[in-house]
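These protein sequence lines are chains U and C, in that order.
Everything in the first sequence is counted per our numbering, starting at 8 for the first residue and increasing by one.
Everything in the second sequence is counted per our numbering, starting at 8 for the first residue and increasing by one.
Note that beta-carbon positions come from the ideal geometry of N, C-alpha and C, so glycine has one too.
I have placed the structure first, in the form of structure tokens, so that the comments after it can refer back to it.
2 protein chains.
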Amino acid sequence: MNETRPVTRIQQKNRATILDAALDVFSQRGFGGATVDQIAATAGLSKPNLLYYFPTKEAIYEALLGGLLDTWLDPLRAMKSSGEPLPEILAYVQRKLEMSRDFPRESRLFANEIIQGAPLIENELSGALRDLVDEKAEIINQWADEGRIARVNPHHLFFSIWSLTQHYADFDVQVRAVLGEGVDDPFPEAQVYLTTLFTRMLTPS
Amino acid sequence: MNETRPVTRIQQKNRATILDAALDVFSQRGFGGATVDQIAATAGLSKPNLLYYFPTKEAIYEALLGGLLDTWLDPLRAMKSSGEPLPEILAYVQRKLEMSRDFPRESRLFANEIIQGAPLIENELSGALRDLVDEKAEIINQWADEGRIARVNPHHLFFSIWSLTQHYADFDVQVRAVLGEGVDDPFPEAQVYLTTLFTRMLTPS
DNA sequence: TATCTTTTTGACCATCTGGTCAAAGCGACG
DNA sequence: CGTCGCTTTGACCAGATGGTCAAAAAGATA
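So, in structure tokens, the structure goes:
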């Protein structure tokens with residue numbers, strides 16, 4: 008008993024296809040608004056076939072969200088107290104902005120989950136996330152103690168980095184509507200703006 | 008024909024009750040994830056009774072979203088070129104933050120709509136919203152020309168005000184999870200932080 | 001009180017939704 | 001080739017969902 012069957016190439020491919028399709032659908036309609044049929048159609052599979060790889064709609068959603076928070080926080084983990092304060096922070100901002108540009112669906116999936124009260128990841132938020140943020144907040148405070156950056160509330164500093172960068176993924180439609188036809192890629196402008204913002208706010212007077 | 012029936016007191020009360028219940032449900036589950044039964048139950052009405060006041064689920068959603076963008080932009084309209092630049096901008100930030108505190112459901116409803124591609128209000132975004140923002144952007148640029156604030160990209164300045172303030176409504180769960188038990192109201196801290204941020208960024212060097 | 005309009009409801013319906021199942025198709029391997 | 005296990009599918013199901021309708025209840029008005 009408990010025999011582990013090998014994972015075939017077909018399984019690998021189909022699981023990946025399904026998750027990609029589900030990311031499309033969930034990130035656009037939220038969990039409740041998405042249907043298994045939509046995901047199956049997007050993935051190019053029949054519904055029973057899809058349910059052969061994932062037992063339920065929830066299972067697909069959980070599989071997607073599972074690793075997401077971790078991936079999402081990698082850039083923050085990379086912020087080292089040994090580096091120069093301002094460049095470290097600006098590098099974090101830039102990596103986060105790049106993630107918004109390159110993985111907008113993941114950002115929207117995450118936003119949807121949180122807006123709806125984070126029923127699935129609340130534990131991780133007040134666990135792993137909180138611990139990591141507390142740890143990095145220490146570093147920010149230390150840098151301020153040493154006079155290497157201006158003092159700010161470190162937790163709210165992180166909130167501002169998250170909201171400012173993710174805004175360009177989650178509210179993409181609005182950003183483009185307001186900027187109009189003249190701007191086809193808002194991200195270069197955004198990068199300049201955010202660099203200016205954090206530089207001015209954090210440069211010691 | 009085309010006789011207009013008067014709006015009774017019962018109609019006023021029930022319509023309001025329904026819209027309030029719908030705001031609860033839509034803001035938490037998104038349009039697709041919400042059901043008419045949930046709204047009816049929240050409003051304390053039977054489903055046919057609810058559908059006596061609004062013909063369809065869509066109609067309720069549209070009624071809610073209808074005036075929302077306008078209300079949402081009132082604080083921006085109040086920003087006057089005749090005032091002192093920095094206080095005008097800080098007042099806008101503060102009013103927007105107050106709206107996040109006092110009307111989080113409206114903020115989430117709006118966020119949901121935009122994340123899902125703004126199918127219902129895209130026209131207003133690239134119409135009324137864009138016009139208003141362009142007009143106010145002029146004022147920002149003028150103030151920068153006169154050396155009364157530091158120069159920034161005005162459109163992205165507005166994006167940053169929106170994202171930073173709305174974050175405290177839309178991502179409330181995350182904010183509270185990260186801040187932990189010690190903080191029961193994040194808004195005072197947020198106000199201090201945002202004031203610092205915009206003051207440092209915009210004060211001419 | 002009688003009449004007329006507005007409001008409320010139980011019963012109902014077609015469609016959609018998440019999910020099941022038995023059987024058929026298919027590929028690897030001896 | 002034949003067998004065995006993995007993959008795919010059409011048909012199906014129970015419950016949820018958006019919405020309808022005729023009739024009953026409740027106001028308003030006189």
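Please state the DSSP three-state secondary structure of residue i.
i: U:T126; result: This sequence places Pro at residue 126 of chain U; Thr is not what is there. Note: U:P126 maps to coil in three-state DSSP.
i: U:R112; result: helix
i: C:S167; result: helix
i: C:D192; result: coil
i: U:E10; result: Only weak support is given to the placement of U:E10: the predicted model assigns it a pLDDT of 47, under 50, and the value that follows is read from those uncertain coordinates. Looking at U:E10 - three-state DSSP - the assignment turns out to be coil, as it is neither helix nor strand.
i: U:E153; result: coil
i: U:V159; result: coil
i: C:T210; result: coil
i: U:G134; result: helix
i: U:G90; result: coil
i: C:G51; result: coil
i: U:T15; result: coil
Run through chain U and tell me which residues come within less than 9 Å of residue i, C-beta to C-beta.
i: C:Q35; result: I122, Q123 and G124
i: C:L136; result: Q181, A184 and V185
List, in order along the chain, the chain C residues whose C-beta lies closer than 8 Å to that of residue i?
i: U:M106; result: Those within 8 Å of U:M106 in chain C number zero; the least Cβ separation is about 15 Å.
i: U:M208; result: T203, L204, R207 and M208
i: U:E142; result: Neighbours of U:E142 on chain C: none; closest Cβ ~12 Å, over 8 Å.
i: U:N148; result: Within 8 Å Cβ-Cβ: nothing; U:N148 doesn't reach chain C, min ~14 Å.
i: U:E129; result: V180 and A184
Tell me, to the nearest whole angstrom, how far the beta carbon of residue i is from that of residue j; I am working on the premise that it is less than 8 Å.
i: C:L139; j: C:L80; result: 6 Å
i: U:L75; j: U:E113; result: 6 Å
i: U:G39; j: C:G124; result: Actually they do not touch by this definition, with Cβ atoms about 17 Å apart.
i: U:V100; j: U:L201; result: 5 Å
i: U:I96; j: U:F178; result: Wrong, their Cβ atoms sit about 23 Å apart, outside the cutoff.
i: U:P211; j: U:G134; result: The Cβ separation is near 34 Å, so there is no contact.
i: U:L57; j: U:A50; result: 6 Å
i: U:R115; j: U:A176; result: 6 Å
i: C:L71; j: C:F33; result: 7 Å
i: C:S170; j: U:H174; result: 4 Å
i: U:L209; j: U:L83; result: With 8 Å as the limit, U:L209 and U:L83 do not qualify as a contact, their Cβ atoms being about 16 Å apart.
i: U:Q181; j: C:I121; result: 5 Å
i: C:K103; j: C:I17; result: Going by Cβ atoms, the distance from C:K103 to C:I17 rounds to 36 Å, so no, they are not a contact pair.
i: U:S107; j: U:T172; result: 5 Å
So which residues of chain C does residue i contact, with C-beta pairs closer than 7 Å?
i: U:R155; result: Near U:R155 there are no residues of chain C at all, since even the closest Cβ is about 16 Å away, more than 7 Å.
i: U:A197; result: H163
i: U:A118; result: I122
Starting from residue i, follow the alpha helix (DSSP H) in both directions and report where the run begins and ends.
i: C:T42; result: First-last for C:T42: undefined, no H or E at that position.
i: U:N56; result: K54 to Y60
i: U:R84; result: K64 to R84
i: U:R183; result: D179 to L186
What in chain U is Cβ-close to residue i, meaning under 7 Å?
i: C:F166; result: H174 and V182
i: C:V159; result: Y200 and T203
What in chain C is Cβ-close to residue i, meaning under 9 Å?
i: U:R102; result: None at all; the shortest Cβ gap to chain C is about 18 Å.
i: U:R115; result: I122 and Q123
Just the chain U side, please: which residues come within less than 8 Å of residue i by C-beta, in chain order?
i: C:S133; result: A184, V185 and G187
Kindly examine the ligand HEM and report whether one of its heavy atoms sits closer than 7 Å to the Cβ of residue i.
i: C:I25; result: Looking at this structure, you won't find the ligand HEM or any other ligand, since it has none at all.
Compile a chain-ordered list of the residues in the stretch 170-195 of chain U whose CB is closer than 7 Å to at least one CB of chain C. S170, L171, H174, D177, F178, V180, Q181, V182, A184, V185, L186 and G187
Check each residue of the stretch 39-66 of chain C: if its Cβ is closer than 7 Å to any Cβ of chain U, include it; give the result in chain order. G39 and G40
At a CB distance below 7 Å, what residues from the stretch 20-33 of chain C approach chain U? Give them in sequence order. none
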